[in-house]
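Below you'll find the structure, written out as structure tokens, and then a few comments.
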């Protein structure tokens, strides 16, 4: 797999072409390379963590959102997110699981760990780093 704009490439050799192992390995290496090579990825990790912390306190920094997501997060929606996150306890860590490009935006999938509980977080970000989508899914 080659990403010429990012000057990255991944080649995986296996001795079994009937398996999806090469593709799975390439995807994991790609994700690790993009996280390591991209300050934007590290910024996104911090942004997602802060949004989760803010939601737990019924707060939201709307300057981090696109107009579309801003319209979605009414006071009622923020309260629902706060109730869900507050019940999990303290946020221990946020781990980026994958990222990809789509429609001019970057999709990132995270796992947020709260003790022995976890939430999956899916976000879409615009090129300027604003959140266009922020979804939680209980694990």
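Residue numbers (the working numbering): 1 to 139. C-beta atoms are modelled at their ideal positions from N, C-alpha and C, and glycine is treated no differently. Computed from a prediction, not measured in an experiment: that's the story for all the values here.
A direct Cα-to-Cα measurement between residue 116 and residue 139 gives close to 11 angstroms.
With fewer than 16 other beta carbons inside 10 angstroms of its own, residue 83 counts as exposed. For residue 85, the enclosing alpha helix (DSSP H) has its first and last residue at 75-86. The Cβ atoms of residue 44 and residue 125 lie closer than 8 angstroms to each other. Apart from the 5 residues on each side of it in sequence, residue 66 sits with its Cβ closer than 8 angstroms to the Cβ of 126, 130, 131, 132 in its chain, given in chain order.
Contact check between the region 16-25 and the region 43-60: fewer than three CB pairs, one atom from each, fall below 8 angstroms, which does not count as touching. Going by beta carbons, residue 81 and residue 55 fall inside the 8 angstroms limit.
Here the C-alpha atom of residue 93 lies approximately 22 angstroms from the C-alpha atom of residue 29. The straight-line gap separating the alpha-carbon atoms of residue 19 and residue 12 is approximately 12 angstroms. For residue 59, the three-state secondary structure derived from DSSP is coil.
Rounded to the nearest whole angstrom, the C-alpha separation of residue 53 and residue 59 is 9 angstroms.
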